[in-house]
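Participant: Just so you know, the sequence shown maps onto residues 1 to 360 in UniProt numbering.
Where a beta carbon is used, it is the ideal one built from N, C-alpha and C, also for glycine.
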Amino acid sequence: MRQGKRRLLRVLFLVSVALYPLSGLTKAPLSLNNNVPHTYTVVKGDTLWEIASLYLRSPWRWNELWGNNPHIQNPHLIYPGDTLTLTWVNGQPQLSRKPWMKLSPAIKSRTKMPIGAVAPEVAARYITQNVLMTEAQLDQYPRIVGSSRGLEFVSQHDEIYIDYQGQVQQWVIYQKGESYHAEDSMVTRWRLKPVAFARSDRLQDQVTVLHLTEFVHELKVGDIAMPKAIIEEFGAQAHFSPKPGPALDQLRILGLLDSLYFAVQGQSVVLNAGASSGIEAGSSYKLQRYSNEFRFSTGQVGLSKSNMGSPELDLPVFDIGQLMVIRVYDHFSIALITDAREPISPQTILSAATETNDHG
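1. If I measure Cβ to Cβ from residue 275 and keep anything under 6 Å in the same chain, skipping five residues before and after, which residues do I get?
2. Flag this pair as touching only if the stretch 157-168 and the stretch 114-130 have three or more C-beta atom pairs under 8 Å; answer yes or no.
3. Can you check which of these residues, 257, 261, 265 and 264, is closest to residue 271 by C-alpha distance?
4. Out of 195, 130, 116 and 139, state which residue places its alpha-carbon closest to the alpha-carbon of residue 153.
5. Identify the continuous beta strand (DSSP E) that holds residue 147 and give its terminal residues.
6. Which residues does DSSP pair with residue 88 in a beta bridge?
7. Nearest-angstrom Cα distance between residue 322 and residue 225?
8. Report the rounded CA-to-CA distance for residue 287 versus residue 211, giving the unit in angstroms.
9. When DSSP builds the beta bridges, which residues end up paired with residue 215?
10. Could you give the residue range of the alpha helix (DSSP H) that holds residue 49?
11. If we call anything under 8 Å between Cβ atoms a contact, is residue 173 one with residue 223?
12. Contact check, residue 130 vs residue 189 under 8 Å by CB: the rounded distance?
13. Within 10 Å of its beta-carbon, does residue 65 have 16 or more other beta-carbons around it, so buried, or fewer, so exposed?
14. Just checking my contact of residue 86 with residue 97 at CB under 8 Å: how many whole Å lie between their CB atoms?
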């Protein structure tokens, strides 16, 4: 009996010690950049991330800075021409907006589009055009089965034939690129690269003849034809705001969408986690590296030769940039590198952009 009580007391003690740090964990106050403007007028071409970076040291805390503006229709949308005003509420900074002019929401939506988290050209390239699909999804779409010259590869002036009979007029032609496999499931997705745009010319026998309207890269038999309307629907996912992403122990970069070895600011990468792990569009993470992993142009690794023979030496981790998820799949996501002070590789460390650390 006495031994059982001692065991219970020991368990309660360990639980109280484990919970003690959490009880003292509070959200850090928002930290503004130096010399931030009291008012700012949004111009065409601005993005939410750029405005968040203008005001905040931690742009992923944008939703905390952004006021609710309950008196405005669709308060989460910001339009070119809107004036943003910085005020202080209960000791904390808050940003609110004055609409650019007093029009009904219907009129406003026809005259100006709200700014997105990323630039329209970035959304077009990485959200609308470069997509990840499973083999089962790809099987739903027609394939190129031949061309007017009867060759495997198709040139810009060839007519192309797809195994389709229907009313779709506008098409995007894709080629399969790299494949990405989810370690926690049996899911594999293929990267699709847009190589041409086409329109239906006529039905002939059991195929549709397409005329190429824009030629990006050489086509070949077996490439996928996807209705342009479906691609345009992907663009609706471009409206989101930066936010801290969930802390994931095994989060890493699976591949680079623009190069083989390194990515830079403004380029995108594929991550090994998605909606099933709680990641959303706008989820943001820090990019880090260990100090002894820096490689000089000579090929030397680390800060100095004296560190290379000391594997037990605990060298600090450095922040080298940030990224934000812009397209989410079930087990994968595409993220934009929003800041990079060094080249980013699949070996780069991803860590949570925590709200309690405002100096990332």
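Facilitator: A quick look at the data gives this:
1. Leaving aside the five residues that flank residue 275 on each side, the residues in its chain whose CB is nearer than 6 Å to its CB run, in chain order, 328 and 330.
2. Short answer: they don't touch.
3. Of the candidates 257, 261, 265 and 264, the residue whose Cα lies closest to the Cα of residue 271 is 257.
4. For residue 153, the closest of 195, 130, 116 and 139 by C-alpha to C-alpha distance is 195.
5. For residue 147, the enclosing beta strand (DSSP E) begins and ends at 144-147.
6. Residue 88 pairs with 93.
7. Near 35 Å, if we compare the C-alpha coordinates of residue 225 and residue 322.
8. The straight-line gap separating the alpha-carbon atoms of residue 287 and residue 211 is approximately 44 Å.
9. The secondary-structure analysis by DSSP pairs residue 215 across a beta bridge with 196.
10. Unbroken alpha helix (DSSP H) run through residue 49: 48-55.
11. Taking C-beta atoms as the reference points, residue 173 and residue 223 count as a pair closer than 8 Å.
12. With 8 Å as the limit, residue 130 and residue 189 do not qualify as a contact, their Cβ atoms being about 12 Å apart.
13. Buried, by the Cβ-count rule.
14. That belief does not hold up - the Cβ atoms of residue 86 and residue 97 are roughly 11 Å apart, past 8 Å.
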